[in-house]
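Right, one structure below, let's go through it.
Written as structure tokens, this is what we have:
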């Protein structure tokens, strides 16, 4: 009896320690030393932003953070921005006040400091994170990213929700280059006041996942490719200061299923969706037929309602793949989920790993003597490994 | 047999009619009449940085206030409303979607009696030369409830001070080039919104709180809640959105929405426009549409 109690006690401690395991994500806040971020037309601009690795250049949006519902998360922010304090506001996660990332209501992270936010991953859905210090400036400067909460079954929208075959995440934003000059972004940080004089806002660049125009044709950025009858989950988030109007081709049978991390009480079937600053939506797309078209995104001024820009994102739906083709083109990877090394079989050649926003994170080649990829530096989440003829999803633990 | 069934059927119908009548009478018997006066007064809006901008408002007394009164009714209440025009020009008056437009010559007045049978949030305003007079400040809200929960009220709006000056001088502005500089809730900006007890949401964990929002400006606003999701209980523009649980709420010009919040934790959390230009006041951060909700245990 006593032995049994000891066994149960030990078992209980093991279960309890596993249940309380904390998923830690490191994130760095940084500032460019000059205009070094290249926009679609070759213009260089200056950013403040978040990166997952110390040496990675700042990009917009910042790294996509992916967690599973119920995860206990430590989000460790190291501020290397040389100037201003920063925070991470977990937009839509409804965390407690201490971890909400609003400087005057909790705390901020000064230069060269490291502090952690703690939260339990709530409802599956699409969320944002962004700096809330002088938020009008720091968000425009580039300090934002997408945060995705997956249910336990990663191919469902939420527990008992819709299943899907592939997913895309699009984050919209704009840039007014006047705001991205050294005198604005790199102005001395005044610790005695939160007040700050800022320029008028008249953006010249309009983005999906920080890219625009011809760049959106890249499937690693935004373009959608699928097979007929495949179900695509499209996650949409607007961190800009303009409204967006998405217009979906009729063949995609767009179904709006959730907003701001909650299922809609009534699913909306629509070919148009308006997304205002701070809002998120999830949309299911499914075409029964092979076709090529574009999803258009209008960027409209919230004061005048005038459309200032339109971006087009290609959609290519091909015929359903045959069983023979699928077998021939299949890339075999293991283990999946993976902790440190991802092994590839049936594959000598070049590969590219990108996250759910399409941002490439690892590039390389595989030979018969080297058949693994070191993925230890990747944050926890969903990634895609792409070869010449196939894209395969894997999960990094 | 058919005759017997007809008799029984007519008795059933009579009972049904009586039941429905008693049901509505039970509401009506508790209904009251609110006597309200509104005075149209031309004066100034004092902005967050102390600038004085030409402005007009409806006031509940002959003394000027830069905030339009919020008229609070219960469902089935009657509103007996006198509107006095103290301005030196004619103004119109309407309760949007409820009454018809009435003209009020300078120094004259009108009387309006309305029974509010439908809960929701309504806009009263001067629709003449639209959007000029509404934009200049003549727009307030009427709230019709069927509950006694703690309620808060936001009349949200933006202002371009140069335009106000031009408009009162009789000059023309290009409405499709609107570029506001001040963003207000109940005619004040951060940090003064939290000092307005009608606007500042306070409550306790587990309370049911209601927020009535009216956008009497010209811009679309996107109000984001930290800490809590809220449920849309009413929208004058998007009825199909009722029931949605969200943290960010679009409010279109001349739209009214009603939100229900049931806080699950204590804390002080911001609520602000997520068009982050609108959290500034004359280009100064954070002097715009920014307030906090305060929830105690």
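Protein chains in written order, with our numbering: chain A, 1 to 397; chain B, 1001 to 1297.
Think of the CB as a built atom: it goes at the ideal place given N, C-alpha and C, for glycine as much as any other residue.
These numbers come from a predicted model, not from an experiment.
Within the region 1032 to 1117 of chain B, no run of alpha helix (DSSP H) reaches 4 residues while sitting entirely inside it.
For residue 1134 of chain B, the enclosing alpha helix (DSSP H) stretches over residues 1132 to 1135.
The count of Cβ pairs closer than 8 Å, one atom from the region 1079 to 1097 of chain B and one from the region 1166 to 1184 of chain B, stays below three, leaving the stretches out of contact. Distance check between residue 238 of chain A and each of A/208, A/220, A/59 places A/208 closest, using alpha-carbon atoms only. Your pair residue 136 of chain A and residue 198 of chain A checks out as a contact, with CB atoms roughly 6 Å apart and the cut at 8 Å. Per DSSP, residue 182 of chain A is one residue of the alpha helix (DSSP H) stretching across 182 to 185. Distance from residue 284 of chain A to residue 162 of chain A at the Cβ level is roughly 6 Å; contact confirmed, criterion being Cβ atoms closer than 8 Å. The region 1195 to 1203 of chain B and the region 1149 to 1159 of chain B touch, with three or more beta-carbon pairs separated by less than 8 Å. Using a Cβ-Cβ cut-off of 7 Å, residue 110 of chain A does not count as an interface residue toward chain B, since no Cβ of chain B sits closer than that to its own. Rounded to the nearest angstrom, the Cβ distance from residue 353 of chain A to residue 222 of chain A is 17 Å, too far for a contact under 8 Å. Per DSSP, residue 390 of chain A is not a residue of any alpha helix (DSSP H), being assigned neither H nor E. Check the Cα spacing between residue 29 of chain A and each of A/172, A/64, A/43, A/80: the tightest is with A/80. In this structure, DSSP gives residue 98 of chain A a helical state, which the three-state scheme calls helix. The Cβ of residue 195 of chain A sits closer than 7 Å to at least one Cβ of chain B.
By the CB criterion at 7 Å, residue 261 of chain A and residue 123 of chain A fall inside the cutoff. In this structure, the straight-line span from the alpha carbon of residue 202 of chain A to that of residue 226 of chain A is close to 36 Å. For residue 1179 of chain B, the chain A residues whose Cβ falls inside 7 Å of its Cβ are 303, in order along the chain.
Between residue 45 of chain A and residue 37 of chain A, the C-beta gap is smaller than 7 Å, which places the two residues in contact. Proximity of the region 1043 to 1053 of chain B to the region 1276 to 1289 of chain B meets the contact definition, three or more beta-carbon pairs being nearer than 8 Å. Chain-order list of chain A residues neighbouring residue 1244 of chain B: 259, 264, 265, by C-beta distance under 7 Å. Annotation: the continuous alpha helix (DSSP H) that includes residue 138 of chain A extends over 135 to 141. Contact annotation: in the region 81 to 100 of chain A, residues whose CB is within less than 7 Å of a CB in chain B are 92, 94, 96, 97, 100. Under the Cβ distance rule, residue 135 of chain A counts among the residues neighbouring chain B, one pair being separated by less than 7 Å.
Leaving aside the five residues that flank residue 111 of chain A on each side, the residues in its chain whose CB is nearer than 7 Å to its CB run, in chain order, 79, 81, 82, 83. Under the 10 Å beta carbon count, residue 236 of chain A is surrounded by 16 or more other beta carbons and is classified as buried.
Nearest C-alpha to residue 1231 of chain B among B/1142, B/1243, B/1238, B/1056: B/1243. Residues of chain A with a Cβ closer than 9 Å to the Cβ of residue 1240 of chain B are, in chain order, 266, 268. From the listed residues A/247, A/259, A/361, the smallest Cα separation to residue 273 of chain A is found for A/247.
By the CB criterion at 7 Å, residue 397 of chain A and residue 337 of chain A fall inside the cutoff. Cα atoms of residue 1274 of chain B and residue 1221 of chain B: separation of roughly 8 Å, rounded to the nearest angstrom. Of all alpha-carbon atoms in B/1183, B/1070, B/1265, B/1229, the one lying nearest the alpha-carbon of residue 1206 of chain B is that of B/1265. Distances from the CA of residue 1035 of chain B to each of B/1066, B/1081, B/1042, B/1258 were compared; the closest alpha carbon is that of B/1081.
DSSP places residue 297 of chain A inside the beta strand (DSSP E), whose first and last residues are 291 to 300.
In this model, residue 296 of chain A and residue 259 of chain A are separated by some 20 Å (Cα to Cα). Closest by C-alpha distance to residue 1209 of chain B, out of B/1100, B/1193, B/1219, B/1229, is B/1229.
Nearest in C-alpha terms to residue 205 of chain A, of all of A/148, A/184, A/172, A/286, is A/172.
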